[in-house]
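Residue numbers (the numbering used here): 23 to 516. Glycine is no exception: its CB is placed at the ideal position from the N, C-alpha and C atoms. All values derive from a computational prediction rather than experimental measurement. First the structure, in the form of structure tokens, and then the observations on it.
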């Protein structure tokens, strides 16, 4: 519907138009020139034509009478009218997440429920057994004895690593093993330092750190080469001599010793991951280990069984009123099919539709007046809380969709059903005890407004500022006082 004016008190309801822009500060002489031109050309000459017509009255069969109106004080309201439907602030359709026979329906339509309250149940015998078994398995894997076993595994893996390292040191010599490890550490340090330099190429500290790491790496490589030379010239003849025979460890023996050490490292790492998982420590996403995999699978099985058990129950996620129930005890319910609807009626809202011409007159925060069709003698106050950013198409007509929240509604006495229709007036502008004149008295040129005020029988042009207006009245915010007489046009009489 189009925007309308609803004057308070004795003022009549009338159709409205968009609000007018504010006056710009043009030179007064320019304003006078513009207005005199408009009045002469478009308004039939205004006061000037009136007085000219008086001098020609003896030569013509008709006279022109000046129409006037008295500026008065009153209330003016610009509003956009639409229709609305009572809706809930929050409404949720509830369903089981499992299929089966309904064993309990614990509420009835109209009941008020709190969030977390059980509303209905399916036969949960099988789901309960599955959850109990899965939960028991998980609890066994996370029990104090399981944690103690994980600690023991770490101790055993540490001992195995020590043995494997000692054996590798014997096979390749302690010096070679030590410098191999130092070379590995130095290579890691160089890689890290290079990363920092790449991040900050001009950082002298980062560059120096890279140079130091590269120097340490070269030193470690040099010492490793010396240790490898001594291995064949000194270590093997001393520790692998059998009488006159010297037999160095074979490549296969060296590879086996290295593999044993890597396996011992991995075993220790996996034991540490499992212990961390059992005690709430940090576990990397790429962590491995049979024990960790078993624990994770048990957790997933337990959670899946718990979800299946929960799926046999409907619990209200919100506090509200039960609006509908589509099941009875003994019925067969399917997963995902809505069977209960709960709505929060504590704060009523209206879904409102207005004509697209009212787009500029409907904004978030605007006050509203609502009259329900079944309560025609009551007016409810509200406020616009949402205006859709695009037009809504309904019955091949483009309309504005908005949400209105009703204010100060007593839930104990406000018991209208959802879907109740109402007339909604969105207040786009309000002027109280304002100076009002008929719209015909207003003359406009650009952003300037003026009226002709009758002073001693003579129309005098006066620039005014205009506030809100509709097709009948305009609010004068300055330049005119209540009681001033203004011209509204010329009427010819015989």
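Residue of the options minimising C-alpha distance to residue i
i, options, result
"residue 4", "452, 369, 374, 418", "Nothing about residue 4 can be reported from this structure: the residues present for the chain run from 23 to 516 only."
"residue 136", "120, 336, 220, 107", "336"
"residue 89", "504, 460, 501", "460"
"residue 160", "320, 437, 182, 237", "320"
"residue 184", "121, 270, 224, 282", "282"
"residue 97", "498, 508, 510, 509", "498"
"residue 193", "272, 120, 390", "272"
"residue 401", "361, 447, 380", "447"
"residue 10", "350, 356, 353, 346", "Given a span of 23 to 516 for the chain in the structure shown, any question on residue 10 remains unanswerable."
Range of the contiguous alpha helix (DSSP H) that encloses residue i
i, result
"residue 297", "273–301"
"residue 447", "That residue, residue 447, is in no alpha helix (DSSP H); its beta strand (DSSP E) goes 443–460."
"residue 312", "312–332"
"residue 226", "226–252"
"residue 258", "258–261"
Other residues of its chain near residue i: CB distance less than 6 Å, five sequence neighbours each side excluded
i, result
"residue 5", "No answer is possible for residue 5: the residues shown for the chain start at 23 and end at 516."
"residue 425", "371, 407, 408"
"residue 413", "378, 420"
"residue 77", "In this prediction, residue 77 scores a pLDDT of 40, lower than 50, which makes its location untrustworthy; the coordinate-derived value is nonetheless stated afterwards. There are no such residues."
"residue 264", "none"
"residue 228", "218, 219, 222"
"residue 511", "89, 462"
"residue 507", "90, 92, 476"
"residue 309", "295"
Boundaries of the beta strand (DSSP E) in which residue i is found, first to last residue
i, result
"residue 179", "No beta strand (DSSP E) contains residue 179, which is instead part of the alpha helix (DSSP H) from 166–194."
"residue 414", "414–416"
"residue 112", "112–117"
"residue 346", "342–347"
"residue 420", "419–428"
"residue 500", "495–500"
"residue 505", "It is not in any beta strand (DSSP E) - residue 505 carries neither H nor E in the DSSP assignment."
"residue 372", "371–377"
"residue 362", "360–366"
Beta-carbon gap between residue i and residue j smaller than 8 Å
i, j, result
"residue 219", "residue 239", "no"
"residue 116", "residue 364", "yes"
"residue 169", "residue 300", "yes"
"residue 201", "residue 252", "no"
"residue 182", "residue 286", "yes"
"residue 429", "residue 102", "no"
"residue 489", "residue 453", "yes"
"residue 122", "residue 375", "no"
"residue 317", "residue 163", "yes"
"residue 108", "residue 444", "yes"
"residue 344", "residue 133", "yes"
"residue 393", "residue 404", "no"
"residue 431", "residue 125", "no"
"residue 324", "residue 156", "yes"
"residue 481", "residue 442", "no"
"residue 274", "residue 190", "no"
"residue 359", "residue 149", "no"
"residue 119", "residue 357", "yes"
"residue 95", "residue 455", "yes"
Identity of the residues DSSP links to residue i by a beta bridge
i, result
"residue 520", "Outside the modelled stretch of the chain, which goes from 23 to 516, sits residue 520, for which no answer is possible."
"residue 470", "467"
"residue 481", "476"
"residue 143", "126, 335"
"residue 354", "123"
"residue 158", "In the DSSP output, where bridge partners are listed per residue, residue 158 has none listed."
"residue 264", "267"
"residue 404", "390, 428"
"residue 221", "Residue 221 pairs with nothing; no bridge assigned."
"residue 108", "372"
"residue 134", "343"
"residue 486", "471"
Neighbourhood of residue i by C-beta, 8 Å cutoff - its chain only, sequence neighbours within 5 removed
i, result
"residue 152", "327, 330, 331"
"residue 174", "none"
"residue 386", "406, 407, 408, 409"
"residue 314", "292, 295, 296, 299, 305"
"residue 503", "93, 457"
"residue 262", "268, 269, 270, 271"
Beta-carbon contacts of residue i that lie in its chain and below 7 Å, excluding the five residues immediately before and after
i, result
"residue 73", "Annotation note: pLDDT 38 at residue 73 (below 50); position unreliable, no value reported."
"residue 128", "140, 141, 142"
Min CB distance residue i to chain D below 8 Å
i, result
"residue 329", "Here there is only one protein chain, and chain D is not present."
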